[in-house]
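Participant: Questions regarding the structure given below will be posed in turn.
Number of protein chains: 2
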Amino acid sequence: MTNIISIFDTTLRDGTQGEGISLSADDKLKIAQKLDALGVHYIEGGNPGSNSKDIEFFQRVKGLKLNAKITAFGSTRRKNSTAEQDSSLLRIVESGVPAATLVGKSWDFHVHTALQTTLEENLSMIYDSFAFLKRSGVEAIFDAEHFFDGYKHNPEYALAVLRQAQEAGADWIVLCDTNGGTLPTEIHEIISRVRAELTAPLGIHTHNDCELAVANTLAAVGAGVRQVQGTINGYGERCGNANLCSILPTLQLKMDYRCVSDEQLQALTGTARYISEIANVHMPVGQPYVGNAAFAHKGGIHVSAIMKDSKTYEHIRPELVGNKQRILVSELAGQSNIISKAQELGLDINANNEKTKAIMERIKELEHQGYQFEGADASLELLLRDAFGNVKDIFKLESFKMLVEKHNGHMNSEAIVKVNVDGQSVYTAAEGNGPVNALDNALRKALVQFYPKINDIHLSDYKVRVIDEKDATAGKVRVLIESTDFNNTWSTVGVSSNVIEASWEALVDSIRYALLGMTPVFSQDEPRERLGLVNH
Amino acid sequence: MTNIISIFDTTLRDGTQGEGISLSADDKLKIAQKLDALGVHYIEGGNPGSNSKDIEFFQRVKGLKLNAKITAFGSTRRKNSTAEQDSSLLRIVESGVPAATLVGKSWDFHVHTALQTTLEENLSMIYDSFAFLKRSGVEAIFDAEHFFDGYKHNPEYALAVLRQAQEAGADWIVLCDTNGGTLPTEIHEIISRVRAELTAPLGIHTHNDCELAVANTLAAVGAGVRQVQGTINGYGERCGNANLCSILPTLQLKMDYRCVSDEQLQALTGTARYISEIANVHMPVGQPYVGNAAFAHKGGIHVSAIMKDSKTYEHIRPELVGNKQRILVSELAGQSNIISKAQELGLDINANNEKTKAIMERIKELEHQGYQFEGADASLELLLRDAFGNVKDIFKLESFKMLVEKHNGHMNSEAIVKVNVDGQSVYTAAEGNGPVNALDNALRKALVQFYPKINDIHLSDYKVRVIDEKDATAGKVRVLIESTDFNNTWSTVGVSSNVIEASWEALVDSIRYALLGMTPVFSQDEPRERLGLVNH
């Protein structure tokens, strides 16, 4: 049997069924290009029979000349009708896609309850629809909905459904665990029985309702399946679909299957993060393989072992999937994390030094107040440099004032800042699209004459988090700001019970960091070199 | 073999190794009580040898008289020393816990690289430490760190390590997949071999680096392990530990094992959400079993099938784990979701009605602007009621003004509002602990004379999300506010490029909703009845 696994991505179709996910046609086209670069074999774009956005996508995607096969999604024909008269099937063929997936019922209960037709009519619906697609020259993939539940209740009927699709010429038969309730042992056993009955190549499509979608997919591949359906970051209905970001590296790095090239696999982390940005869904920090904490070390013992050999607490080299190692700073870490970070900055720090003890205490106290430096490397670096006295005082705030007004339905925001640069007092004001933007504008306006370079910096992300949720609007907030100057990205933090003050703090740190000409501690490409620096 | 699985919770120890998680002694005591109510058998509280917070926890937890065994965590004795002189082991015994877990090395590579000692000394460290614990009358659990990696590299040594612990009297031998890189098939095979060599009862401790921690735990139980270690919500180092919130219901509802009582299992969702609040970690909306979207239906076809029989798209009854079904509103859902929601409100809505079409269009347009009603039931209800003209006009905003000032390091926030209640204009001002709090205070101050009941309402959560992250501080933000009057909880949404205006919108919706005397659409206890309402 071949060890090549065909990867079928349904982020653009099943992924958009997830709560809070909504993609425009433009978004879908951007994502399709990223998926193609990652090397997936099929990109399911949507349902051309269901809405104008998807019709637009299928028209425009042709111009991109992707390597992946663009596929359309639809259902088997309506009951008591013909495939030739089914507007949804006609739309699929008209969309000009090389491949299409049709979902059909394989659980008798669903035929009765949801379709409300006879078992025989459902078989005809499947046969007719696939025969129609094949006559139209389209590669045809059958999604056998609820196959495992159906097989458990009525194995004869579930198999009869698959045989209909096979006889009508379906190129792939994909077994779906639609409700996500099946266990890996069941998946393996049922697929082994199906393989004895069918000749068509099989695929697997799982959902994560038991946190087993990845395991179920791997079990299916182990049982002989050769197409894997899933989504980037596991987006999808309810608890999501099988997460390709976990499946691809495990199949390829641990199970000797081939899905994409080694170079393409290194694009995995970037692809996952890009798509989470476009989909505007927060990526869990601990997401396997691609999360920001997937190779982050916090425990002090772990950190000291990692410095001796990263294999001690890393199951793969993070670079293989385009991720990187990080050392976190926190109260649990003892001193070794902070020391290793300071050493990278070339600061004279060691556990017996009084200055070192003082800065450790200061970090503990700030964390107690709600600061978190795990996600704010630049603020931590400023703190360490300030403690060791090697930071130039770029500017001093004397005062600021913010005014936000709503009158006759019209909003207005302005900020007035008074800063002191090298003994020179600058007093200026700016308007903005909201209060934080007004502050940002006023501060830049005050500084640009001294630091023209400030025009190269822009804020790329702004996050607000309520820390003490018990007190709601009177609680403390933590603001995280991510900034970029096109080459580098750095993050800063501010904490206050006042969202404006917290934003101001993070803003000031961001600009100080940039103007000092610092570069981020951890650059994307050289975690090895970094480790080398602190080897002892 | 018994079908009873002993549940060992390490949220308070390994869970706190997760990025962004930090728990005070008070937090730990609150969580311990919830875990005890859930019925876990062991609660690992921390490491009494490592910090004063954990020492305080172990002292105070005795007063709570919990059913679960409180356990302390530590390492085997230091190299080239004795157990009797090991301060960390002494602290464990002094803490008075009935049970303790000691981690020891079972991978020869780690003995050489991390411990930097001989294989023989490591065996002695394990034997001495367990003999010491047993002499001290403590139930002793051996965490065999990196056992699976160790077994793959040097099975003889890995087994010799386990035998040392067994001979010294360890009550449980727990096999750890510390780096999270092992596959379910490997777990099953290795444990089967271990069982042939040992008599002590076995446990399993997995990490989620391949998104397989749950599957690996289930595979281990299938191979004969009878203790499961994990954390609530899967918190833990890097990608986290095995998630007990997924393991408990799967073992108990799908695999015929017994972990806790059926009533305790119904506390699962509440426990998971409570702990995520205390830990201040956002719970992924699609978290299996306990997430807010775990039984949420968005696709139009799914929704119409769910209304016929919820088994069509739900793998278990959500009530079994204390969760509930939700119908989401979104552009994908076609009209059936909105119609079902409106019907529950008793509104005269149907697909052919002009008003219905208009409100559908309005919802689509608002979603396009960045509103999301999936997490803002109360705002959606107001929108639907407004459209059908059965909402009383409680008050009208004429204008507001916000002033935030920083001067001499001192912050000041004040809000001035002008509202009209029943033709009467009210003009008032208030200070606050930040701008949104000042607005909230001013609005309440203006309304309390007309609606004294407003004092019963308070805001329980306030979230800010940047929608268009490309524009950073100039981008749009979405504010979600959760409010409660002790009996009910409801959520509202506001969107603007100005965080103050977005907060104001959500605030106004929240207060309007409350003052109208409405109750939330979905009350926690009666999703069945709700479905009954719309059955047809």
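Protein sequence lines correspond, in order, to chains A and B. Take the first sequence: its letters are residues 5 to 540, numbered as in the working numbering. Take the second sequence: its letters are residues 5 to 540, numbered as in the working numbering. Glycine included, every Cβ here is placed at the ideal spot set by N, Cα and C. These numbers come from a predicted model, not from an experiment.
From what residue to what residue does the alpha helix (DSSP H) around F77/A run?
Facilitator: Unbroken run through F77/A is the beta strand (DSSP E), 73-79; no alpha helix (DSSP H).
Participant: Flag Q256/B as yes if its beta-carbon sits less than 8 Å from any beta-carbon of chain A, otherwise no.
Facilitator: no
Participant: Of the residues that make up the region 437-469 of chain B, which ones have a beta carbon closer than 7 Å to any beta carbon in chain A?
Facilitator: Residues of the region 437-469 of chain B with a C-beta less than 7 Å from any C-beta of chain A: N437, G438, P439, V440, N441, D444, H462, L463, S464, D465, Y466, K467, V468, listed in chain order.
Participant: So, do the region 513-522 of chain A and the region 445-463 of chain A have three or more beta carbon pairs nearer to each other than 8 Å?
Facilitator: Touching, per the Cβ criterion.
Participant: The beta strand (DSSP E) that contains E435/B, what's its start and end?
Facilitator: Bounds of the beta strand (DSSP E) holding E435/B are 428-435.
Participant: Shortest alpha-carbon distance to W111/B belongs to which of A144/B, K69/B, E98/B, E160/B?
Facilitator: Closest by alpha carbon: E160/B.
Participant: Can you list, in chain order, the residues of its chain with a C-beta nearer than 7 Å to that of Q168/B? Leave out the 5 residues immediately preceding and following it.
Facilitator: So the list reads L127, I130, Y131, once near-sequence residues are dropped.
Participant: Consider the Cβ of R277/B: report whether some Cβ of chain A lies at a distance smaller than 8 Å.
Facilitator: no
Participant: Can you give the Cα-Cα distance for A362/A and M311/A, rounded to whole angstroms?
Facilitator: 24 Å
Participant: When burial is assigned at 16 or more other CB atoms within 10 Å of the CB, is L27/B buried or exposed?
Facilitator: buried
Participant: Assuming C180/A contacts A148/A (C-beta within less than 8 Å), just tell me the rounded distance between them.
Facilitator: 6 Å
Participant: Do F152/B and I208/B have their CB atoms nearer than 8 Å?
Facilitator: The Cβ atoms of F152/B and I208/B lie no closer than 8 Å to each other.
Participant: Could you tell me the boundaries of the beta strand (DSSP E) in which T210/A lies?
Facilitator: 206-210 is the span of the beta strand (DSSP E), which, as asked, contains T210/A.
Participant: Are three or more beta carbon pairs between the region 286-304 of chain A and the region 316-327 of chain A nearer than 8 Å?
Facilitator: yes
Participant: Between M5/A and chain B, is any beta-carbon pair separated by less than 8 Å?
Facilitator: no
Participant: Would a check of beta-carbon distances place I195/B closer than 8 Å to chain A?
Facilitator: No, no contact with chain A.
Participant: Leaving out five residues before and five after L401/A in sequence, what residues of the same chain have Cβ atoms less than 6 Å from its Cβ?
Facilitator: V423
Participant: Across which residues does DSSP place A103/A in a beta bridge pair?
Facilitator: T75/A, E143/A
Participant: Please go through the region 356-442 of chain B and give each complete beta strand (DSSP E) segment of 3 or more residues, from N-terminal end onward.
Facilitator: Those beta strand (DSSP E) runs which fall completely within the region 356-442 of chain B and span 3+ residues are 400-411, 414-425, 428-435.
Participant: Can you check whether the CB of I236/A is closer than 8 Å to the CB of L255/A?
Facilitator: Against a cut-off of 8 Å, the Cβ pair of I236/A and L255/A comes out as no contact.
Participant: I want to verify the contact list: residues of chain A whose CB lies under 7 Å from the CB of K83/B, in sequence order.
Facilitator: Near K83/B there are no residues of chain A at all, since even the closest Cβ is about 14 Å away, more than 7 Å.
Participant: Starting from F151/B, trace the alpha helix (DSSP H) both ways and give me its first and last residue.
Facilitator: Membership of F151/B in the alpha helix (DSSP H) is indicated by the continuous run 151-157.
Participant: Is Y431/B buried or exposed, if buried means 16 or more other CB atoms sit within 10 Å of its CB?
Facilitator: exposed
Participant: Rounded to whole angstroms, what is the Cα-Cα separation between Y155/B and G184/B?
Facilitator: 14 Å
Participant: Taking the beta strand (DSSP E) that C180/A belongs to, which residues open and close that run?
Facilitator: That run of the beta strand (DSSP E) goes 176-181.
Participant: Can you give me the C-alpha to C-alpha distance between A217/A and S85/A, rounded to a whole angstrom?
Facilitator: 36 Å
Participant: In the DSSP assignment, find the alpha helix (DSSP H) that holds W494/B and state where it starts and stops.
Facilitator: Taken as a continuous stretch (DSSP letters only), W494/B belongs to no alpha helix (DSSP H), being part of the beta strand (DSSP E) at 493-500.
Participant: Does any C-beta atom of chain E lie closer than 8 Å to the C-beta of D313/B?
Facilitator: Structure shown: chain E not included; protein chains present are A and B.
Participant: Which bits of chain A does R230/B rub up against, with CB to CB less than 7 Å?
Facilitator: Those do not exist, as R230/B stays about 18 Å from chain A at its closest Cβ, beyond 7 Å.
Participant: Below 8 Å, how does it come out for the region 61-79 of chain A and the region 92-112 of chain A: are there three or more Cβ pairs, yes or no?
Facilitator: yes
Participant: Rounded to a whole number of angstroms, what is the C-alpha to C-alpha distance between R366/A and V503/A?
Facilitator: 23 Å
Participant: Taking only the alpha-carbon atoms, compute the straight-line gap between G244/B and P292/A and give it to the nearest angstrom.
Facilitator: Each residue's alpha carbon lies about 9 Å from the other.
Participant: If you check the beta carbons only, do S10/A and Q270/A fall under 8 Å apart?
Facilitator: No; because the gap between Cβ atoms is not below 8 Å, this pair is not in contact.
Participant: Closer than 8 Å, Cβ to Cβ, to anything on chain A: give me those residues from the region 413-439 of chain B, in chain order.
Facilitator: Across the region 413-439 of chain B, CB contacts with chain A closer than 8 Å involve M415, S417, G436, N437, G438, P439, in sequence order along the chain.
Participant: Three Cβ pairs or more, each shorter than 8 Å: is that satisfied between the region 377-386 of chain B and the region 487-497 of chain B?
Facilitator: yes
Participant: Measuring straight from C-alpha to C-alpha, what distance separates K396/B and S514/A?
Facilitator: Rounded to the nearest whole angstrom, the CA to CA distance from K396/B to S514/A is 48 Å.
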